[in-house]
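Some notes on the structure that comes next.
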């Protein structure tokens, strides 16, 4: 039985706490752990890589790619402790664990108003921050050669340096359930995810809205489609775009995106047939249209009073992204709107629940960012704060009372995510081609398992 070298985290760590705890681990285990600065963020924050073990097979785990998803930072610390305590994860697997503490530390700092609680939906959404899509470091809108963000370039260089056999990107679902996205099948992972979720009381999301058109590899496990040219709206809603998930594919890397929920909703794992799918879709799409128009009107009232500052621009960018995609999503989900080139697939109750949650999420995030835009200015000349407060309270109540969203303690989120990562790591090593190792030419050029066994 392994023992934690550091006290367990009962709350999300800040950027400084992540760095301090990683440094403490290295000081306690100087022969097996090391910490190096691999890059610098746009604001000058160091990007730290914690490495454990001395094996020839490299595993790369990336925490904090999305600023509002802090569970990954706590998870990489847990994984480091596990790897230091269990030699089967390092010398026994001829592996080195490379743990990027936070890919977007500047964004994480902007979420620190809620990181330590209280963990209520209202407190979270009023202090939520996630940058505009063009500033999210895993996306490559202009390809790897055109990557602009220093955080993105750091990750690309790290991938090309390590040529990992396994890469894991740690994400968090604010409301919903846990699921995994893979660039290549890892047979057996769905069973392990189910076992871990059941043991820890984590709902599995059996129909996430961003995997709506993706192949399923088993319950709550989905295959990420290869990248294709795509506009902003499609990139936000489908994510089948060029990204750092696929960049190391040339090295034979299999990437796992592991999502862990903050507030769990039991209905996201109900794969039964809905009573009236069309009625639910009409409600979801009509609600999203109504809410987005309301938010556009509030933005129009606020905009004349917004100063042209970098702070205001950071908050406005995601607001404009969300309001851009809302009408298209509402039309795509509305059974009364003529189907486009991609009609909806057959939907179960889990899918419909996920769509309801997604529509409400877009509205709540937008309202929360507008709330911050006003409160941080210190004045409300447009008189919108009372209405924004009412909307945030009303929409959070819909999550809590209508969707039965329930808080999952941080320690349980971390345990779930770390166990899923360890399962994917084990299977990635098992199904990696036996003829070559990461970093060698031709690694990954053959199928992970014989085609007749897939």
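Residue numbers (the numbering used here): 323 to 776.
For glycine and all other residues, C-beta sits at the position ideal for the given N, C-alpha and C.
With contacts defined as CB atoms closer than 8 Å, residue 581 and residue 500 qualify as a contacting pair. If you draw a straight line from the Cα of residue 441 to the Cα of residue 650, it is about 32 Å long. In the three-state scheme derived from DSSP, where H, G and I count as helix and E and B as strand, residue 420 is classed as strand. With contacts defined as CB atoms closer than 8 Å, residue 377 and residue 418 qualify as a contacting pair.
CA-to-CA, the gap between residue 486 and residue 735 works out to about 26 Å.
The straight-line gap separating the alpha-carbon atoms of residue 686 and residue 399 is approximately 31 Å. Going by DSSP, residue 482 is part of the alpha helix (DSSP H) stretching over 472–484.
Distance check between residue 422 and each of 497, 374, 617, 565 places 374 closest, using alpha-carbon atoms only. Under DSSP, residue 495 forms a beta bridge with 583. Within the same chain, 494, 495, 496, 497, 498, 499, 500, 524, 525, 527, 730, 735 come within 8 Å of residue 583 by CB-CB distance, once the 5 residues on both sides are set aside. Under the DSSP assignment, residue 503 falls in the beta strand (DSSP E) whose first and last residues are 501–504.
Taking a cut-off of 8 Å on C-beta distances, the stretch 671–681 touches the stretch 591–610, as three or more cross pairs fall below it. Cβ contact annotation for residue 531 (same chain, cutoff 7 Å, sequence separation greater than five): 676, 677, 680, in chain order. Counting other Cβ atoms within 10 Å of its Cβ, residue 701 stays below 16 and is therefore classed as exposed.
Residue 518 and residue 586 have their C-alpha atoms spaced approximately 15 Å apart.
Remark: fewer than three beta-carbon pairs, one from each stretch, lie closer than 8 Å, so the stretch 625–632 and the stretch 566–578 are not flagged as touching. Of the other Cβ atoms in all chains shown, 16 or more fall within 10 Å of the Cβ of residue 690; this residue is therefore buried. Secondary structure of residue 565 (DSSP, three-state): strand. The criterion of a C-beta distance shorter than 8 Å is not satisfied by residue 447 and residue 750. Contact between residue 385 and residue 424 is confirmed by a C-beta separation of about 6 Å, below the 8 Å threshold. About 5 Å separates the beta carbon of residue 688 from that of residue 617, a gap short enough to meet the 8 Å contact definition. Residue 513 and residue 484 have their C-alpha atoms spaced approximately 29 Å apart.
Setting aside the 5 residues that flank it on each side, residue 434 is surrounded in the same chain by 336, each with a C-beta closer than 6 Å to its C-beta; the list follows chain order. If you look at residue 363, you'll find it isn't in any alpha helix (DSSP H); DSSP assigns it neither H nor E. Within the same chain, and ignoring the five residues on either side of residue 402 in sequence, the residues whose Cβ sits closer than 8 Å to its Cβ are 344, 347, 355, 372, 374, 419, 421. In this structure residue 597 is not in contact with residue 546, their Cβ atoms being roughly 32 Å apart against a cut-off of 8 Å. For residue 727, same chain residues with a beta-carbon under 6 Å away, outside a window of 5 residues either side, are 497, 585, 587, 721 in chain order. By the beta-carbon neighbour count (other beta carbons within 10 angstroms, threshold 16), residue 708 is exposed. By the CB criterion at 8 Å, residue 695 and residue 634 fall inside the cutoff. In this structure, residue 389 and residue 452 form a Cβ contact; the two beta carbons are roughly 5 Å apart against a cut-off of 8 Å. Per DSSP, the unbroken alpha helix (DSSP H) holding residue 610 starts and ends at 599–624.
Here DSSP, grouped into helix, strand and coil, assigns residue 489 to strand.
Contact between the stretch 563–570 and the stretch 531–542 is absent, with fewer than three C-beta pairs closer than 8 Å.
Inside the stretch 397–470, DSSP marks whole beta strand (DSSP E) runs of 3 or more residues at positions 417–422, from first to last along the chain. Contact annotation: residue 457 and residue 477 have beta-carbon atoms that are not nearer than 8 Å. DSSP places residue 740 within a helical segment (H, G or I) once states are collapsed to three.
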